[in-house]
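Participant: Just passing along the structure, written as structure tokens.
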């Protein structure tokens, strides 16, 4: 009898059930989308923060002091130590290699550029094809320095073409496609580079060309590494030498900027890796602010959708006073009437929850695609959580209305005097 | 059928009293009595309206204000504009004052002067003169063991420290034959070129080297348009210098801010839609519930227009009252979110009020028009019979 009551209630009151179901579906959909966006926003914003450029720099351990003013290197090229280019692919072999977005080696060389006088040529990777074991990957300044803009074309890493900084190009009057003389040889200018920094007065060339001009094959002055990191906390700042083994494992296996620096030092011989504090320190605060904001907004969304579901359920039950009156007049007890309503609510919540979850997942993907150009992943563990929330909210929303409906005198209800 | 010969005295009294009372419009009385007599239902409809308006206000307020809040965080990245002397020249002596008057408080300007000096054993090191109080504010990421306070005390980069003053001992630096004796107040770590430098107060620097500042680093606040306007103004007042935006900082900021705002906008839209839906379903239920009132009015001869305007006025009043109360609560919620997340309250934006007000009234009107137009087709007798 109970099952039939529930079944007939769904069969005969399609419109009302549909309305309540739609409200639950929408509420659950919005909640799912917001939770999915909020859990993934940290990762997405972290990737956007990489547009600030590298957050780690690797230098030779035994290096002499930098003599850099306004980005111009005054150190004689004979001075100081170098890293070995052959060690670079090993960066992909560190524990956190999935978090390393890219890296770019730098080798500044002072050169004589014919009538342009003496200036700095910077050797680097643009988007170089490298391999570590079976793992092929592409890296270079186009990834680590996304604010570098080129008018014309980026040079190929295996070519002998160069980029001219925009102020230098204006001074010597060169356009993309022109030739420029460097150390007695003529090179094609493939593009004009604009960075807003010291490179605007420099020539930027493939690393091999700079090494050849310097006469030191395989030499690299420093490596910029761009990595996705976790905001630093008390553990991150501790010195690994003073840690207990368990603590060390936890530190080593967390993507702190400090532990990634430590691992870079491990794979590159005679190197010193350091966080670039301007980038590394600030991204933590920006990230935690944005994450906190989205968390609070998600709470607001959950609140609004819970309210919408409760309102819809309360209205739906309030409209059925006559039915309650009839059932009571025929001798139904309070418990069995409440059980009927709660079963209906649970069924509605489950159906609305499942469709809402699917809709919310689609919505989250759409948001991810249109805003971040990447997928927003939805953890499968979210599904039971969302369903449970849907059932609880639907029950809570119905409870007050059911209580009122049950307490109502059947005589008044049947006479229509609400 | 005949009327009783005598009316009970009470009713006559009432009729007399009523006729003597000032004539409040029947329309207004109907509106007020409808709200007072069905307090429970009216209150739940109002509650839904208030909550929806509050959520909408909080989200809109946050959306408008979050940009300013996040910009402040982004200023921690340091200078977004630099003024440098052209090749081989120095900045005019009053350059810093010019920059500061052009900024007019909307930013921070810090002068830097550089020379390459020699240590006692002949090593080269870059020495910079600057204003420590300002640098502390501009470059908050500098990790400094102790800021120098006394004159002739230096902040030594962590890599320079091993060269110039290994045990933190006082040291001598010479530049073009002039020697200065400095004490190391603390060490500096940034992971960039600053690690290889020695920083000293600008006054000591100028007395020692007679070299004026060659760079002014500026953290200009405001939107990209405002920063660009600042750059153009600086270029105009300092024709002898190069004024450049720091593209790394400006582009990164624009990107992250744009994405955050877009996400927030998407979330705000979803939340406001959900809240509107909640109001819609509650109000439709409320109006539907009063089909008897509707039928009685119709049976007593009320015109379509009167009925429509009655329910519309009721909805509009509900929407307006709900919006105003909701606005006050929503402003409070936004301020609380600002305090919790940004350590600064979100300023109430009264420009949001008309949007919330109009939105609430429109939603309320829609939710009364839909059931009324359904009910209009039904005979009042059917409704009154409870079918």
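Protein chains in written order, with our numbering: chain A, 38 to 455; chain B, 2 to 388.
Here a beta-carbon is modelled for each residue, glycine too, at the ideal position from N, C-alpha and C.
Spatial neighbours of residue 98 of chain A within its chain, please: C-beta separation below 8 Å, excluding the five flanking residues on both sides.
Facilitator: One-based indexing of the first chain puts residue 98 of chain A at position 61. Cβ neighbours of residue 98 of chain A beyond the five flanking positions: 118, 307, 308, 309.
Participant: So, at 6 Å on beta carbons, what are the nonlocal neighbours of residue 299 of chain B in its own chain, with the 5 sequence-adjacent residues on each side left out?
Facilitator: As a working note, residue 299 of chain B is residue 298 in the second chain. Same-chain partners within the cutoff: 381.
Participant: So which residues of chain B does residue 375 of chain A contact, with C-beta pairs closer than 9 Å?
Facilitator: What you label residue 375 of chain A is simply residue 338 of the first chain in a count that begins at 1. The contacting residues do not exist; residue 375 of chain A stays about 21 Å from chain B at best.
Participant: Looking at the C-beta of residue 299 of chain B, does it have a partner C-beta in chain A at a distance below 8 Å?
Facilitator: On the second chain, residue 299 of chain B is found 298 positions in, with the first residue counted as 1. Output row for residue 299 of chain B: interface = no.
Participant: Flag this pair as touching only if the segment 344-364 of chain A and the segment 436-448 of chain A have three or more C-beta atom pairs under 8 Å; answer yes or no.
Facilitator: Output reads yes: the segment 436-448 of chain A touches the segment 344-364 of chain A.
Participant: Here's the rule: buried if 16 or more other CB atoms are within 10 angstroms of the residue's CB, otherwise exposed. What is residue 306 of chain B?
Facilitator: Within the second chain, numbered from 1, the residue matching residue 306 of chain B stands at position 305. Per the 10 Å Cβ criterion, exposed.
Participant: So, does the CB of residue 455 of chain A fall closer than 8 Å to a CB anywhere in chain B?
Facilitator: Along the first chain, read from residue 1 onward, the residue named residue 455 of chain A stands at position 418. In this predicted model, residue 455 of chain A has a pLDDT of only 48, less than 50, meaning its place in the structure is not dependable; the value taken from the coordinates is given anyway. Yes, because at least one Cβ of chain B sits closer than 8 Å to the Cβ of residue 455 of chain A.
Participant: Determine the closest residue to residue 360 of chain B out of B/323, B/222, B/71, with distance taken between C-alpha atoms.
Facilitator: Counting from 1 along the second chain, the entry for residue 360 of chain B is found at position 359. Looking at the Cα atoms, B/323 is the closest of the given residues.
Participant: At 7 Å on the CB atoms, spell out the chain B contacts of residue 85 of chain A, in chain order.
Facilitator: Position 48 of the first chain holds residue 85 of chain A. Those within 7 Å of residue 85 of chain A in chain B are 256, 257, 260.
Participant: Would you say residue 289 of chain A faces chain B, with C-beta separation under 8 Å as the test?
Facilitator: In the first chain, the residue the question calls residue 289 of chain A occupies position 252. Not closer than 8 Å to any Cβ of chain B, the Cβ of residue 289 of chain A fails to qualify, so no.
Participant: Is there contact between the segment 90-110 of chain A and the segment 274-285 of chain A, where contact requires at least three CB pairs shorter than 8 Å?
Facilitator: The segment 90-110 of chain A is not in contact with the segment 274-285 of chain A.
Participant: Which residues in the same chain as residue 154 of chain B place their Cβ atom closer than 6 Å to its Cβ, once the five residues preceding and following it in sequence are excluded?
Facilitator: Position 153 of the second chain, counted from the first residue, corresponds to residue 154 of chain B. Excluding residues within five positions, the ones whose Cβ falls inside 6 Å are 184, 186.
Participant: Using the rule of at least 16 other Cβ atoms within 10 Å of the residue's Cβ for burial, across every protein chain shown, is residue 26 of chain B buried or exposed?
Facilitator: Within the second chain, residue 26 of chain B is the residue found at index 25, counting from 1. Its Cβ having fewer than 16 others within 10 Å, residue 26 of chain B is exposed.
Participant: Could you tell me which uninterrupted beta strand (DSSP E) segments, each at least 3 residues in length, are contained entirely in the segment 275-308 of chain B, listed from first to last along the chain?
Facilitator: Correct list: empty.
Participant: Give every residue of the same chain whose Cβ lies closer than 7 Å to the Cβ of residue 43 of chain B, excluding the five residues on either side of it in the sequence, and list them in chain order.
Facilitator: Against the second chain, residue 43 of chain B aligns to sequence position 42. Same-chain partners within the cutoff: 36.
Participant: I'd like to know whether the C-beta atoms of residue 167 of chain A and residue 181 of chain A end up nearer to each other than 8 Å.
Facilitator: Taking the first residue of the first chain as position 1, residue 167 of chain A is located at position 130. Taking the first residue of the first chain as position 1, residue 181 of chain A is located at position 144. No, these two residues do not count as a Cβ contact at 8 Å.
Participant: List the endpoints of the continuous beta strand (DSSP E) containing residue 231 of chain A.
Facilitator: Position 194 of the first chain holds residue 231 of chain A. Residues 222-231.
Participant: Run the CB neighbour count on residue 394 of chain A, radius 10 Å, all protein chains shown included, and call it buried at 16 or more, exposed below.
Facilitator: If you number the first chain from 1, residue 394 of chain A lands on position 357. Residue 394 of chain A is buried by the Cβ-count criterion.
Participant: Which residues in the same chain have their Cβ closer than 8 Å to the Cβ of residue 2 of chain B, if we skip the five residues on either side of it in sequence?
Facilitator: Here the question's residue 2 of chain B lines up with position 1 in the second chain. With a pLDDT of 42 at residue 2 of chain B, under the threshold of 50, the predicted position of this residue should be treated as unreliable, and no value is reported.
Participant: With DSSP as the reference, identify every bridge partner of residue 158 of chain B, one or two as the case may be.
Facilitator: In the second chain, counting from the first residue as 1, residue 158 of chain B sits at position 157. According to DSSP, which records beta bridges pairwise, residue 158 of chain B is partnered with B/189.
Participant: If you draw a straight line from the alpha carbon of residue 241 of chain B to that of residue 100 of chain B, how long is it in whole angstroms?
Facilitator: Counted from its first residue, the second chain places residue 241 of chain B at position 240. Counted from its first residue, the second chain places residue 100 of chain B at position 99. The straight-line gap from Cα to Cα measures roughly 13 Å.
Participant: Could I get the ranges of all uninterrupted beta strand (DSSP E) runs contained in the segment 70-152 of chain B, with 3 residues as the minimum, in chain order?
Facilitator: Qualifying beta strand (DSSP E) stretches, in chain order: 82-86, 108-120, 125-131.
Participant: Cβ of residue 242 of chain B versus every heavy atom of the ligand HEM: is any distance shorter than 7 Å?
Facilitator: Inclusion of the ligand HEM in the displayed structure is not the case, the ligand content being empty and no account of it being possible.
Participant: Where do the ends of the beta strand (DSSP E) carrying residue 310 of chain A lie?
Facilitator: Taking the first chain and counting its residues from 1, the one referred to as residue 310 of chain A is at position 273. From DSSP, the beta strand (DSSP E) with residue 310 of chain A extends over 308-312.
Participant: Do residue 103 of chain B and residue 235 of chain B have their C-beta atoms within less than 8 Å of each other?
Facilitator: Residue 103 of chain B sits at position 102 when you count from the first residue of the second chain. Residue 235 of chain B sits at position 234 when you count from the first residue of the second chain. Cβ distance < 8 Å, so residue 103 of chain B and residue 235 of chain B count as in contact.
Participant: Please report whether the beta-carbon of residue 242 of chain B lies at a distance below 8 Å from any beta-carbon of chain A.
Facilitator: Here the question's residue 242 of chain B lines up with position 241 in the second chain. No, no contact with chain A.
Participant: Are the C-beta of residue 160 of chain B and some C-beta of chain A separated by less than 8 Å?
Facilitator: Taking the first residue of the second chain as position 1, residue 160 of chain B is located at position 159. By this cut-off, residue 160 of chain B is an interface position.
Participant: Grab me the residues of residue 296 of chain A's own chain with a C-beta within less than 7 Å of its C-beta, minus the 5 sequence neighbours each way, in chain order.
Facilitator: What you label residue 296 of chain A is simply residue 259 of the first chain in a count that begins at 1. Closer than 7 Å at Cβ, skipping near neighbours: 288, 289.
Participant: Compare the C-beta of residue 272 of chain B with all C-beta atoms of chain A and state if any pair is closer than 8 Å.
Facilitator: Here residue 272 of chain B refers to the residue found at position 271 when the second chain is read from its first residue. At least one chain A Cβ lies under 8 Å of residue 272 of chain B.
Participant: What does residue 245 of chain B touch in chain A if you count any residue whose Cβ is under 9 Å from its own?
Facilitator: The residue you call residue 245 of chain B lines up with position 244 of the second chain. Going along chain A in sequence order, the residues near residue 245 of chain B (Cβ under 9 Å) are 233, 234, 237.
Participant: In three-state terms, what does DSSP make of residue 455 of chain A?
Facilitator: Along the first chain, one-based indexing puts residue 455 of chain A at 418. Because residue 455 of chain A carries a pLDDT of 48, less than 50, the predicted location of this residue cannot be relied on, and the following value inherits that uncertainty. Coil.
Participant: Between the Cα of residue 207 of chain B and those of B/76, B/94, B/364, B/67, spot the shortest distance and give me the residue it belongs to.
Facilitator: Translated into the one-based positions of the second chain, residue 207 of chain B becomes position 206. Nearest option by C-alpha distance: B/94.
Participant: Contact check, residue 219 of chain A vs residue 201 of chain A under 8 Å by CB: the rounded distance?
Facilitator: Reading the first chain from its first residue, position 182 is the one you call residue 219 of chain A. Reading the first chain from its first residue, position 164 is the one you call residue 201 of chain A. That pair is no contact at about 11 Å.
Participant: Using 8 Å as the threshold, is the segment 327-347 of chain A in touch with the segment 60-72 of chain A, meaning 3 or more CB pairs across them?
Facilitator: Segments in contact, yes.
Participant: Rounded to the nearest angstrom, how far is the Cβ of residue 51 of chain B from that of residue 327 of chain B, given a contact under 8 Å?
Facilitator: Residue numbering aside, residue 51 of chain B sits at position 50 when the second chain is read from its first letter. Residue numbering aside, residue 327 of chain B sits at position 326 when the second chain is read from its first letter. About 4 Å separates the two Cβ atoms, so the contact holds.
Participant: Quick one: does residue 319 of chain A have its CB under 8 Å from some CB of chain B?
Facilitator: Reading the first chain from its first residue, position 282 is the one you call residue 319 of chain A. For residue 319 of chain A, the answer is yes, since a Cβ of chain B falls inside 8 Å of its Cβ.
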